[in-house]
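This note's numbering puts the first residue of the sequence shown at 671, with every later residue one more than the last. No residue lacks a Cβ here, since even glycine has one placed at the ideal position from N, Cα and C. Okay, structure first, notes after.
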Amino acid sequence: MSLTSHIEELKKKHKSLSEAVETAQRSPGIDDLRIADLKKQKLRIKEEIARLSTT
Numbered sequence: 671m672s673l674t675s676h677i678e679e680l681k682k683k684h685k686s687l688s689e690a691v692e693t694a695q696r697s698p699g700i701d702d703l704r705i706a707d708l709k710k711q712k713l714r715i716k717e718e719i720a721r722l723s724t725t
């Protein structure tokens with residue numbers, strides 16, 4: 671897998687997690703720990719994208 675395609679896949683995962691966070695925040699039955707976990711995953715992916723983009 672090329673670096674560009676890897677970054678694109680990470681961007682897709684980041685977008686998917688963004689949507690999952692938004693959905694979870696609108697759902698009253700979802701606990702805050704689940705939302706925090708999704709946000710942490712999203713941040714890790716964002717950091718990975720930034721790191722790979724600078725190399």
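Kindly list the residues whose CB is nearer than 8 Å to the CB of residue i, restricted to its own chain and excluding five residues on each side of it in sequence; keep chain order.
i: Lys681; result: Ile719
i: Gln695; result: Ile705
With DSSP as the reference, label residue i as helix, strand or coil.
i: Arg700; result: At residue 700 the sequence reads Ile, which differs from the Arg that was named. DSSP places Ile700 in coil when its eight states are reduced to three.
i: Ser672; result: coil
i: Glu693; result: Inspection of the sequence shows that residue 693 is occupied by Thr rather than by Glu. Looking at Thr693 - three-state DSSP - the assignment turns out to be helix.
i: Thr724; result: helix
Skipping 5 residues on each side, what residues in its chain have a beta carbon closer than 6 Å to that of residue i?
i: Leu722; result: Ile677
Mind the definition here: the region 707-714 touches the region 684-694 only if three or more C-beta pairs lie below 8 Å; say whether that holds.
-> yes
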